[in-house]
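FYI, the numbering for the sequence shown is 33 to 415, going by my numbering. Even for Gly, the Cβ is constructed at its ideal location relative to N, Cα and C. The structure displayed is predicted, hence computed values, not measured ones. One structure is given below, encoded as structure tokens.
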Amino acid sequence: MIHLSNTMNQALTLPQFMLNYSMSLITSISESMVVYFDDTEAREVMLRRQNQNSAVIEEVLWFDSKMVRPTARDKVWQWLTDAEMPFSKSKLARESNLTLFDENKVKNLQISILNGNSESILICYFVFGEQNPLFGHSTELALTTENKMLIANMMSNYVLQLRHLYNQQLETTRFLHDQFRFTEQQLRQLYQKSGNAKEVRADLVAQFCEIRLAALSEKMGVEFELSAQSIKELDNNNVSLIQVEDILCSATHRLQVMFPLDKRLIIEPWHLGFELEDTEMVGNESSISDIRYSRTIDLLNKLEDAGKRVKKLHLKLTGTNVGMHCETPISAPAITDALRKHSNRIVKLMNLYPDRWTLLRTDFRPLQNLLDTRDGREDLGVG
């Protein structure tokens, strides 16, 4: 499966996108090239990429656009000899490292991508190394007429699918960009018109939730909706937008696992419970919002949440079961080691907040052993 999101985030052009993915269908392609007209520079350009994991896209400086051969009207592909490839023979003669283009060493497939007026917008070249088998065993090196027709049809269909996927993702990206831009303008106007910081924040949270849920809905194929009470709950708990992001991601994934057949799911306040408990850390100078305790807080929260999942399944609250039910599963020895490394801060937090992490206190033996060993003493040292 081709994942387009990362490539689109890197703003690849269609020629670059073709070079990155077009060789994945047949492994015996040694390199590929794309010819297109660069509007910015007002000239024909050829880009080239070898079939290697670390291969980079580079411009072919010895490219001769006059040698590009037009395809027949009834098909978009054709096979070319080395002599028919669009390179300057005088320049090739001076390039000692271009052994792939020696006569009779490479078989070359040209595929033209046409627009609605049957005019070429891209011309792709695929070079097949003679020493790499196309199909079957390594001894079957012959590029027969039947093989060439099959390969050409496969590659031309694949290239057209890549263009469709690229355009589809590009359209989606532009749509989301416009939506975010519109929302950004609305938020700016709201902020400028309103002098009430609380109202501004509430609207910011609501707008942010709407944007993120739209993106999550598209990604997960489920229509997610946040109830009015849930929005109020988020605002009342004074969570940051970063926390809202984590809360929404956790809630949507949890609901999708719980109700895999539903295509529309409403997020209610009780779906936010685990994460909202983490937001009660606002207070005086001894508040655990202190950055020194953030990693320890995260550890305790993750173990507490995992413990609640274990309890719901009526399993024993052992280190193995808790580790398996963490969002990122970890082993029981890893939990013990983490508790040991954070022991000083855990004791401090447990004393500061006796109403938190109640399940770990009462039922989770590794933590109970730690507290018993420390005998409830507060230790402010680094540990």
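In this structure, how does DSSP classify residue i when only helix, strand and coil are distinguished?
i, result
"Glu216", "helix"
"Arg101", "coil"
"Ser64", "strand"
"Ile299", "strand"
"Ser326", "helix"
"Leu132", "For Leu132, the pLDDT reaches just 42, beneath the cut-off of 50, and the residue's location in the model is therefore unreliable, although a value from the coordinates is still provided. Helix, per DSSP."
"Asp395", "helix"
"Glu265", "helix"
"Arg80", "strand"
"Asp235", "helix"
"Glu73", "coil"
"Leu44", "coil"
"Leu258", "strand"
From the DSSP output, read off the bridge partner residues of residue i.
i, result
"Asn140", "Leu112, Val159"
"Leu146", "Ser152"
"Asp210", "Bridge partners of Asp210: none, in fact."
"Phe240", "According to DSSP, Phe240 bridges with nothing at all."
"Phe95", "Phe119"
What do you get for residue i, buried or exposed, if any count of 16 or more other CB atoms within 10 angstroms of its CB means buried?
i, result
"Thr176", "exposed"
"Glu307", "Per-residue confidence for Glu307 stands at a pLDDT of 38, beneath the threshold of 50, marking its modelled position as unreliable; the derived number appears in the next sentence. Buried, since its Cβ has 16 or more Cβ neighbours within 10 Å."
"Asn383", "exposed"
"Met290", "exposed"
"Gln400", "exposed"
"Lys139", "buried"
"Glu265", "buried"
"Asn189", "exposed"
"Leu44", "buried"
"Pro47", "buried"
"Glu203", "exposed"
"Glu359", "exposed"
Do you know offhand how far residue i's Cα is from residue j's?
i, j, result
"Ser375", "Leu287", "34 Å"
"Gln218", "Glu255", "24 Å"
"Asn353", "Trp302", "24 Å"
"Ala74", "Tyr68", "11 Å"
"Ile263", "Asp294", "22 Å"
"Ile329", "Glu257", "30 Å"
"Ile274", "Thr205", "23 Å"
"Asn199", "Pro365", "49 Å"
"Ser54", "Glu242", "37 Å"
"Asp278", "Arg233", "18 Å"
"Met50", "Arg195", "8 Å"
"Asp70", "Asp369", "58 Å"
"Leu332", "Phe240", "28 Å"
Considering only the alpha carbon of each residue, which of the options lies closest to residue i?
i, options, result
"Pro398", "Thr205, Pro361, Glu336, Tyr385", "Glu336"
"Thr103", "Glu91, Leu79, Ser64, Leu146", "Leu146"
"Leu280", "Gly253, Ala247, Arg296", "Ala247"
"Gly253", "Met50, Leu297, Leu384", "Leu297"
"Ser272", "Thr405, Leu402, Val237", "Val237"
"Glu91", "Phe119, Gly351, Asp114, Lys107", "Phe119"
"Glu76", "Thr59, Asp96, Asn83", "Asp96"
"Ala184", "Asn269, Ile61, Asn270", "Ile61"
"Leu349", "Leu392, Glu359, Ser326, Arg372", "Leu392"
"Leu154", "Lys180, Val108, Glu116, Tyr325", "Val108"
"Lys373", "Arg81, Arg327, Glu151", "Arg327"
Less than 7 Å separating the Cβ of residue i from some heavy atom of the ligand MN?
i, result
"Ala74", "With respect to the ligand MN, the structure offers nothing, as it holds no ligand at all."
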